[in-house]
Amino acid sequence: MAAIVGKWCIELGPSACAARRPSSGSPEPRVQIFFCGTRGSMPTPGAAFVRYGGHTSCVALAHDEARPSLVLDAGSGLVNLDGLLGAEPFRGTILIGHLHWDHTHGMPFFAAGTRPGHRVRVLMPAQGEDAERLLARAMSPPHFPVEPTALGNGWRFGALDEGDYEFEGFTVLAREIPHKGGRTFGFRVSDGTGAIAYLSDHHPLALGPGPLGVGELHPAGVTLARDVDLLIHDAQYTVEELPEFAHMGHSCPEYAIALALESGARQVCLYHHSPRRTDVLLDELAARFTVAAVSVTTAFDGLTMTVGRRVEPEPAT
Ligand SMILES: [Zn+2]
Ligand SMILES: [Zn+2]
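The sequence shown begins at 21 in my numbering and counts up one residue at a time.
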């Protein structure tokens with residue numbers, strides 16, 4: 021079942037991502053972006069969360085006409101990547117922005133990461149400890165029955181420092197950004213024709229004054245978002261909520277828009293929604309930004325976008 025809201029197609033139901041398998045036939049190289057999980061903090065099942073979805077952070081990137089090969093975060097939305105891949109194994113890299121549960125707990129349930137021929141490289145911010153053992157602190161008995169090394173023979177774990185990289189045919193810039201409770205990276209990803217910035221969990225260094233009165237911009241955020249086609253950014257709180265909850269390490273749409281204006285990002289995608297934000301409340305939030313200084317989209321599980329020489333929604337199905 022699908023419904024059109026504005027110019028975007030919203031897929032309803034558990035096969036949201038499965039309905040959007042990579043297409044073929046494009047004459048131009050482009051980057052396809054699959055929003056497999058868009059919620060922050062914890063999954064949100066229930067009737068009040070059907071349209072925007074309840075899976076936690078996970079975005080999959082594909083070169084046009086190819087299977088997704090680069091994944092940003094492995095929240096519960098990672099299970100939606102199974103549908104995108106059909107019966108194929110995942111062969112690629114998962115970049116974990118930071119190790120909070122909502123960015124890692126999809127990994128043990130990622131069926132495509134167990135299929136014959138799988139190759140899964142998991143990379144996370146370096147923080148002075150072996151990457152696999154760091155992950156195993158939360159993913160091992162008694163917290164969880166399966167350790168990272170038991171996920172499959174083709175899984176590898178490693179740590180990243182800030183810097184420029186090449187993963188799966190994409191150029192990636194990793195920079196540390198302000199968040200709470202563990203080293204956190206934002207990423208800038210490009211295939212040479214289009215670029216996105218991904219700052220899933222990111223907060224102002226201090227409230228006000230800053231642009232729009234919601235805190236000063238962080239230089240790393242500006243660098244990551246410089247001239248990108250699409251800025252995917254933390255919008256966990258409303259601007260009214262932010263003063264009370266800023267200590268939780270998240271941001272608001274106005275901050276994301278201010279960052280886009282400063283950095284030259286051409287479009288903002290509001291992401292990492294509060295688990296308290298129902299469909300109705302997200303509709304209300306999105307309505308605030310139908311007219312804004314930059315184009316603003318509110319992410320939902322199953323949204324696909326394409327960047328390259330232009331940004332456009334996929335045609336409705
Ligand atoms: Zn998070
Ligand atoms: Zn976090």
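C-beta atoms are modelled at their ideal positions from N, C-alpha and C, and glycine is treated no differently.
Legend entry - Boundaries of the alpha helix (DSSP H) in which residue 275 is found, first to last residue: Per DSSP, the unbroken alpha helix (DSSP H) holding residue 275 starts and ends at 273-283.
Legend entry - Per-residue DSSP class, three states only, for residue 230: Residue 230 falls in the coil class under three-state DSSP.
Inset, instruction - Report all residues from its chain with a CB closer than 6 Å to the CB of residue 244; omit the five preceding and five following residues, and keep chain order. - result: 195, 206, 208 and 217.
Legend entry - Cβ-heavy atom distance, residue 73 to ligand 1, below 6 Å: Answer for residue 73: no, Cβ out of range of ligand 1.
Legend entry - Collapsed DSSP secondary structure at residue 248 in the structure displayed: Looking at residue 248 - three-state DSSP - the assignment turns out to be coil, as it is neither helix nor strand.
Legend entry - Local Cβ density within 10 Å of residue 74, reported as buried at 16 or more and exposed below that: Flag for residue 74 reads buried.
Inset, instruction - Could you have a look at residue 145 and say whether DSSP puts it in helix, strand or coil? - result: Strand.
Inset, instruction - Can you tell me which of the three DSSP states residue 94 falls into? - result: Residue state, collapsed to three classes: coil.
Legend entry - Residue nearest to residue 304 in terms of C-alpha spacing, selected from 51, 49, 52 and 72: Here the closest residue by C-alpha is 72.
Legend entry - Closest residue to residue 130 among 56, 232 and 272 (Cα-Cα distance): Nearest of 56, 232 and 272 to residue 130, Cα basis: 56.
Legend entry - Cα-Cα separation between residue 108 and residue 101, rounded to whole angstroms: As the crow flies, the alpha-carbon of residue 108 is around 11 Å from that of residue 101.
Legend entry - Which of helix, strand or coil DSSP assigns to residue 153: Residue 153 falls in the helix class under three-state DSSP.
Legend entry - Sequence-distant residues of the same chain with beta carbon closer than 7 Å to residue 182, five excluded per side: The residues are 194, 195 and 196.
Inset, instruction - Would you check whether ligand 2 has a heavy atom nearer than 6 Å to the C-beta of residue 338? - result: Nothing about residue 338 can be reported from this structure: the residues present for the chain run from 21 to 337 only.
Legend entry - Beta-ladder partner(s) of residue 209, from DSSP: In DSSP, residue 209 forms a bridge with 192 and 216.
Inset, instruction - Return yes when the C-beta of residue 125 is under 6 Å from any heavy atom of ligand 1, and no when it is not. - result: For residue 125, the shortest C-beta to heavy atom distance toward ligand 1 is 6 Å or greater.
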